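A.B. asks: I have a structure here, written as structure tokens, and I will follow up with some questions on it.
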Amino acid sequence: MSTQSTPRFSARVYVAGDNIDTDQIIPAQYLNLVPTNPEEYIKLGSYALSGLPDGCAPFVPPPGPRSPYGIVIAGRNFGCGSSREHAPVALGAAGVRAIVAESYARIFFRNAVATGECYPFETAVRLLDRFQTGDEAEIDVPGATLTNRRTGEVFKLQPLGAVGPVVAAGGIFAYARQAGMLK
Amino acid sequence: MNGMTITEKILARHSGRDRVSPGENVWVEVDVLLTHDICGPGTIGVFRREFGPKARVWNREKVVIIPDHYIFTADELSHRNVETLRQFTMEQELAYFYDPGTPGYRGVCHVALPEAGHVRPGEVIVGTDSHTCTHGALGAFATGIGNTDAGFVMGAGKILLKVPETMRFRFDGRAPDYIMGKDMILKVIGDIGFDGASYAAMEFSGSAIDALSIEGRMTICNMAIEAGGKNGIVAPDQKAVDYVRARTSKPFEVVTSDPDARVASDRVYDAAALEPCVAEPHLPSKYALARQRGDVKLDRAYIGSCTGGKIEDFVAAARVLKGRKVAIDTFLVPATCEVALALIETTIDGQSLVEVFADAGCLDIAPPSCAACLGGPIDTFGRTHGSEVVISTTNRNFPGRMGSKQASVYLASPLTVAASAITGRITDPREFLKQVHP
Ligand code: SF4
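Heads up: the sequence lines are chains A and B, in that order. Residue numbers for the first sequence follow my numbering, beginning at 1 and rising by one. Residue numbers for the second sequence follow my numbering, beginning at 1001 and rising by one.
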């Protein structure tokens, strides 16, 4: 669980495609790692997106365990497949602060928010060809914009609404405590 | 005022309201929380971290733990995870833990849960597994959740859910004997796409659904998630009630849709016109007719999982394989111990299924578990390690799903998988069934 209160941040971008399923985000052989154990949390990060097809740029280059990419840009249906929370956890543990995708699979979206691991931004515009892996980008969280520092283009994202404060707090439990809903 | 769908009614009853509408967020009382060895330890971790080391689960009879994923492996972390579940069960005095290595072990959670009487019409089931949607086959609201949500449910017994809109799929007429539930659901997913039912309840009805066994309905609801659905559901009929009554004495209330319920969409299929099909690599929505893919050469066939490893699935495969030989490696993994036993006890023309498969040249039947359905640890039975081309009765064919990223997986019904095992290429089962039933 990470706390993400910075309203604006810059990071390098990793561009992935459509239908990036949870097996590609964290291959099943690593599901023996338990996200709530601190060392295993870090290990999960080191395997983030290691299930992408051969030929893709490594998301966590050796020696790991963190990724140089803090923003993942994807197409449709990001996080489809299993309900494994290991998926947003692996991304968060690798250092991802936000995902920007055209759409999400329902359970992944909810898990990203519940864990507070990363902001799941949605974009109405297809961004896969507007960014290259390695570009430097800036996200303004309350303003819901994404800026490509290389090209100078600014993209409007869908506002996060009620989801934003939950991620900012570090997940539903932290949020519920802050809001006085839980002791 | 319009009526409500089954899904809406169940959610209304479990949130203490007279009615709910799609899009509303409601706190829902949970009847069963299911977890397993992959997500259970993390859920327990969240539960302890958030509710404190001395916290008790909200109801010791409503947390059901069914280890099934990484059971038959030398992997030490996997064993440690099952041990975590064992310790937690003792500490919390949980009523239901199906412990591997003991006579209580059952196997794949989504087949074991209904077998053991934990699925009842009208109830709310949440599980730390996306295929929890299987249990809508008995008229329950059932959906998959993550560890953090599950940790909350473990302590509080409630979950905040958005009421899904309902998409209705009706199969009229009679499905021919070469069509199985798998062909029906692959057709639906192929039509609406991998995210065609995002956030929605998928309700299946019609005479061809009524004619299906409970297992056939389970296959259909199981794959609702492959179209992005929140839950799959079939109105419980006498067959469903009888199935449940035979397994539990707990009371339950049958809930069905009102005739004037409002739905987001209605799709109607003629079951008689369906043809045996496959989903091509690497998406369950890549629909193709089996007879049009005869040029695809295969390396192995796989029959197993919560989708295609039930007894009915093996009976179907045996109908095709009896008296014939497989041309490629054929892996058989019964979903549960009950299925494994039934393989011995069920006969076709006096021959047990175990004998039919042995005579056909299939590999020795593996012990019940998820096995290679999701790849798993390196030593998992049936796991792909290279560029194998596999035809499988499982539910997902994403890159790397069965182990190796270079492998290609075709999804199909047990009939189609068995027919393809005989020829070593994708084969429409009618090529063989014709000869069985002239
Ligand atoms: S059999 Fe496959 S789909 Fe079913 S619970 Fe196991 S891994 Fe998941």
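All C-beta atoms in this analysis are idealised placements derived from N, C-alpha and C, irrespective of residue type, glycine included. Quick caveat, the model's predicted, so the values are computed rather than measured.
#1: Which of helix, strand or coil does DSSP assign to A/Glu-39?
#2: To the nearest angstrom, how far is the alpha carbon of B/Pro-1438 from that of A/Gly-81?
#3: Is it the case that the CB of A/Asn-19 approaches a heavy atom of the ligand SF4 more closely than 7 Å?
#4: Among residues of its own chain, excluding the 5 on either side of A/Thr-3, which ones have a beta-carbon nearer than 8 Å to its beta-carbon?
#5: Establish whether the CB of A/Val-100 and some CB of chain B are separated by less than 8 Å.
#6: Alpha carbon to alpha carbon, what distance is there between A/Ile-139 and B/Met-1184?
#7: If I measure Cβ to Cβ from B/Ala-1264 and keep anything under 8 Å in the same chain, skipping five residues before and after, which residues do I get?
#8: Suppose you measure from the CA of B/Asn-1395 to the CA of B/Phe-1072; what does that come to, to the nearest Å?
#9: Measure the C-alpha to C-alpha separation of B/Gly-1052 and B/Val-1028 and round it to an integer number of angstroms.
#10: Just to make sure I have the definition right: I need the residues of chain A whose C-beta is within less than 8 Å of the C-beta of B/Phe-1381. Which are they?
#11: Closer than 7 Å to a non-hydrogen atom of the ligand SF4 - does that hold for the CB of B/Leu-1034?
#12: Under the rule that 16 or more other beta-carbon atoms within 10 Å means buried, what is B/Val-1436, buried or exposed?
#13: If you count every other CB in all the chains shown that lies within 10 Å of the CB of B/Ser-1015, and 16 or more means buried, which is it?
#14: In the DSSP assignment, the alpha helix (DSSP H) including A/Asp-23 goes from what residue to what residue?
#15: According to DSSP, simplified to helix, strand and coil, what is B/Gly-1155?
#16: Just to check, is the beta-carbon of B/Leu-1374 closer than 7 Å to a non-hydrogen atom of the ligand SF4?
#17: Can you pull the DSSP bridge partners for B/Gly-1206?
#18: Using DSSP bridges, identify the partner residues of B/Asn-1231.
#19: Quick check: the region 1218-1227 of chain B against the region 1085-1105 of chain B, are there 3 or more CB pairs under 8 Å?
#20: Could you list which residues in chain B have their beta carbon closer than 9 Å to that of A/Ser-46, in chain order?
#21: Please state whether DSSP places A/Asn-19 in a helix, a strand or coil.
#22: Over what stretch of residues does the alpha helix (DSSP H) that includes A/Leu-31 continue unbroken?
#23: Chain B beta carbons: is any one of them nearer than 8 Å to that of A/Gln-158?
#24: Using a Cβ-Cβ cut-off of 6 Å (strictly less than) and excluding sequence neighbours within five positions of B/Gly-1232, which residues of its own chain qualify?
#25: Would A/Ser-2 count as contacting chain B if we go by Cβ distances under 8 Å?
#26: Could you say if the region 1403-1415 of chain B and the region 65-78 of chain A meet the contact criterion of at least three C-beta pairs nearer than 8 Å?
C.D. replies: Considering the structure as presented:
#1: The residue you call residue 39 of chain A lines up with position 39 of the first sequence. It is helical.
#2: Your numbering for residue 1438 of chain B matches position 438 in the second sequence. Your numbering for residue 81 of chain A matches position 81 in the first sequence. Unreliable positioning characterises B/Pro-1438 in this predicted model, as indicated by a pLDDT of 38, which lies under 50. A coordinate reading is not provided.
#3: Locating residue 19 of chain A in the first sequence gives position 19, where the first residue counts as 1. No - the ligand SF4 has no heavy atom lying nearer than 7 Å to the Cβ of A/Asn-19.
#4: Sequence index remark: in the first sequence, residue 3 of chain A carries index 3 (1-based). With a pLDDT of 48 at A/Thr-3, under the threshold of 50, the modelled position of this residue cannot be trusted, and the question is left open.
#5: Position 100 of the first sequence, counting from 1, holds the residue named residue 100 of chain A. No, because no Cβ of chain B sits closer than 8 Å to the Cβ of A/Val-100.
#6: Numbered from 1 along the second sequence, position 184 holds the residue referred to as residue 1184 of chain B. Numbered from 1 along the first sequence, position 139 holds the residue referred to as residue 139 of chain A. Their Cα atoms are separated by approximately 44 Å.
#7: Numbered from 1 along the second sequence, position 264 holds the residue referred to as residue 1264 of chain B. Only Pro-1022, Glu-1165, Thr-1166, Met-1167, Ala-1200 meet the Cβ criterion.
#8: Mapped onto the second sequence, residue 1395 of chain B falls at position 395. Mapped onto the second sequence, residue 1072 of chain B falls at position 72. B/Asn-1395 and B/Phe-1072: Cα-Cα distance of roughly 21 Å.
#9: Taking the first residue of the second sequence as 1, we reach residue 1052 of chain B at position 52. Taking the first residue of the second sequence as 1, we reach residue 1028 of chain B at position 28. B/Gly-1052 and B/Val-1028: Cα-Cα distance of roughly 23 Å.
#10: As a first step, residue 1381 of chain B must be located in the second sequence, where it is residue number 381. Near B/Phe-1381 there are no residues of chain A at all, since even the closest Cβ is about 14 Å away, more than 8 Å.
#11: The sequence position of residue 1034 of chain B within the second sequence is 34, counting from 1. Outside the cutoff, so no.
#12: On the second sequence, position 436 is the one that residue 1436 of chain B refers to. Bear in mind that a pLDDT of 47 at B/Val-1436, under 50, signals an unreliable position, so the model cannot answer this.
#13: Locating residue 1015 of chain B in the second sequence gives position 15, where the first residue counts as 1. It counts as buried.
#14: What you label residue 23 of chain A is simply residue 23 of the first sequence in a count that begins at 1. 22-25 is the span of the alpha helix (DSSP H), which, as asked, contains A/Asp-23.
#15: Here the question's residue 1155 of chain B lines up with position 155 in the second sequence. It is helical.
#16: Mapped onto the second sequence, residue 1374 of chain B falls at position 374. The answer is yes for B/Leu-1374.
#17: Taking the first residue of the second sequence as position 1, residue 1206 of chain B is located at position 206. B/Gly-1206 is not bridged to any residue.
#18: Numbered from its first residue, the second sequence carries residue 1231 of chain B at position 231. Partner(s): B/Ala-1201.
#19: Flag = no, the region 1218-1227 of chain B and the region 1085-1105 of chain B do not touch.
#20: Position 46 of the first sequence holds residue 46 of chain A. Correct list: empty, because the minimum Cβ distance to chain B is about 15 Å.
#21: For the purposes of this step, residue 19 of chain A is taken as the residue at position 19 of the first sequence. Three-state DSSP puts A/Asn-19 in coil, outside helix and strand.
#22: As a working mapping, residue 31 of chain A is identified with position 31 in the first sequence. Where A/Leu-31 is concerned, there is no enclosing alpha helix (DSSP H), given that its DSSP letter is neither H nor E.
#23: Within the first sequence, numbered from 1, the residue matching residue 158 of chain A stands at position 158. No, its Cβ sits nowhere closer than 8 Å to a Cβ of chain B.
#24: In the second sequence, the residue the question calls residue 1232 of chain B occupies position 232. Taken in chain order, the residues that qualify are Cys-1133, Gly-1136, Met-1202, Cys-1221, Ala-1224.
#25: Here residue 2 of chain A is taken as the residue at index 2 of the first sequence, counted from 1. Because the pLDDT of A/Ser-2 is 47, which lies under 50, any placement of that residue in the model is unreliable, and the number read from its coordinates should be weighed accordingly. So, not an interface residue.
#26: no
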